[in-house]
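Working notes, structure below.
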Amino acid sequence: MNRNNPYFFVVLMSIVGLMSCNPSSGQSEFLNEKAADIEKIEKTDDEWKKELPEMTYFVMREAGTERAFTGKLLKNKEEGTYVCGACELPLFSSETKFKSGTGWPSFYQPIKPGYVLEKEDNSLGVKRIEVLCARCDGHLGHVFNDGPEPTGLRYCLNSAALGFEAEKP
1 MNRNNPYFFV VLMSIVGLMS CNPSSGQSEF LNEKAADIEK IEKTDDEWKK ELPEMTYFVM
61 REAGTERAFT GKLLKNKEEG TYVCGACELP LFSSETKFKS GTGWPSFYQP IKPGYVLEKE
121 DNSLGVKRIE VLCARCDGHL GHVFNDGPEP TGLRYCLNSA ALGFEAEKP
């Protein structure tokens with residue numbers, strides 16, 4: 001493709017973006033262990049469909065993605081806890097949220113190891129790491145190795161998969 005072609009940089013940036021989606025390490029289906037103190041919640045698709053708003057169901061039960069820069073929690077600056085949008089398990093603290101510029105809420109660390117599960121995802125022909133709630137197995141988003149210190153991770157999550165509990169004064 002010729003560099004003078006107006007689509008050259010669009011294609012180039014798309015390729016660079018896909019290449020930057022390298023996962024953390026691991027070969028098994030789940031790349032980390034479940035937390036021992038979490039009691040699993042198991043429901044049928046019909047039960048989830050009745051309980052969850054349409055977009056939340058699409059994201060969490062069908063591994064969908066909300067459009068970038070549209071999520072209700074993207075610009076939230078309140079102090080508090082981000083919880084699972086389906087089962088309310090506390091997942092991320094506002095203290096670990098950062099502005100990634102990607103269009104989705106981003107965090108560098110979960111509240112507790114094992115509260116989120118990581119699973120290899122090859123659904124777009126690119127190896128990525130999917131992030132799931134450890135209690136209800138709901139899809140939250142993906143984790144990438146391009147986040148800030150101290151972890152270097154970016155948990156890129158859908159607002160539709162999260163709830164928020166403001167810190168009480």
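Last residue of the sequence shown? That's 169 in UniProt numbering, and every number before it is there in order.
Positions of the beta carbon are idealized from the N, C-alpha and C atoms, including for glycine.
CB contact flag (residue i, residue j, <7 Å)
{"i": "Ala134", "j": "Tyr155", "result": "no"}
{"i": "Gly85", "j": "Gly163", "result": "yes"}
{"i": "Gly141", "j": "Asn158", "result": "yes"}
Beta-carbon proximity list for residue i, same chain, < 6 Å, skipping 5 on both sides
{"i": "Phe30", "result": "Bear in mind that a pLDDT of 48 at Phe30, under 50, signals an unreliable position, so the number given afterwards is only what the model happens to contain. Taken in chain order, the residues that qualify are Leu117 and Lys119."}
{"i": "Phe107", "result": "Phe92, Thr96, Lys97 and Tyr155"}
Reduced DSSP category for residue i - H, G, I as helix; E, B as strand; rest coil
{"i": "Asp121", "result": "strand"}
{"i": "Ser100", "result": "coil"}
Contact set for residue i: own chain, Cβ-Cβ below 8 Å, skip 5 residues either direction
{"i": "Pro166", "result": "Note that residue 166 corresponds to Ala in the displayed sequence, not to Pro. Within the same chain, Ala166 has close Cβ partners Glu78, Glu79 and Gly80."}
{"i": "Leu52", "result": "Met60, Arg61, Gly85 and Ala86"}
{"i": "Glu66", "result": "Met55, Val59, Trp104, Asn158, Ser159 and Ala160"}
Whole-angstrom distance between residue j and residue i, CA atom to CA atom
{"i": "Ala161", "j": "Glu62", "result": "11 Å"}
{"i": "Val83", "j": "Glu42", "result": "18 Å"}
{"i": "Glu39", "j": "Thr151", "result": "27 Å"}
{"i": "Pro113", "j": "Pro90", "result": "12 Å"}
{"i": "Trp104", "j": "Glu47", "result": "27 Å"}
{"i": "Gly26", "j": "Cys136", "result": "Caution applies to Gly26, whose pLDDT of 36 falls short of 50 and renders its modelled position unreliable; the value that the coordinates give is listed next. When rounded, the distance between both Cα atoms is 22 Å."}
{"i": "Ala68", "j": "Ser100", "result": "12 Å"}
{"i": "Lys49", "j": "Leu124", "result": "25 Å"}
{"i": "Leu37", "j": "Gln109", "result": "First, the residue type needs correcting, since residue 37 is Asp and not Leu in the sequence shown. Distance between the alpha carbons of Asp37 and Gln109: 19 Å."}
{"i": "Leu73", "j": "Glu149", "result": "22 Å"}
{"i": "Lys168", "j": "Val143", "result": "29 Å"}
{"i": "Thr70", "j": "Asp45", "result": "26 Å"}
Residues near residue i in its chain [Cβ-Cβ closer than 7 Å; skip 5 each side]
{"i": "Ser93", "result": "Thr81 and Ile111"}
{"i": "His139", "result": "Val59, Met60, Ala63, Glu130, Leu132 and Ala161"}
{"i": "Tyr57", "result": "Trp48 and Lys49"}
CB contact check: residue i to chain D, cutoff 7 Å
{"i": "Tyr115", "result": "Annotation note: the requested chain D is absent from the structure, which comprises a single protein chain."}
Residues that DSSP places opposite residue i in a beta bridge
{"i": "Gly141", "result": "Val131 and Leu157"}
{"i": "residue 176", "result": "The structure shown does not extend to residue 176, since the chain is modelled only from 1 through 169, so no value can be given for it."}
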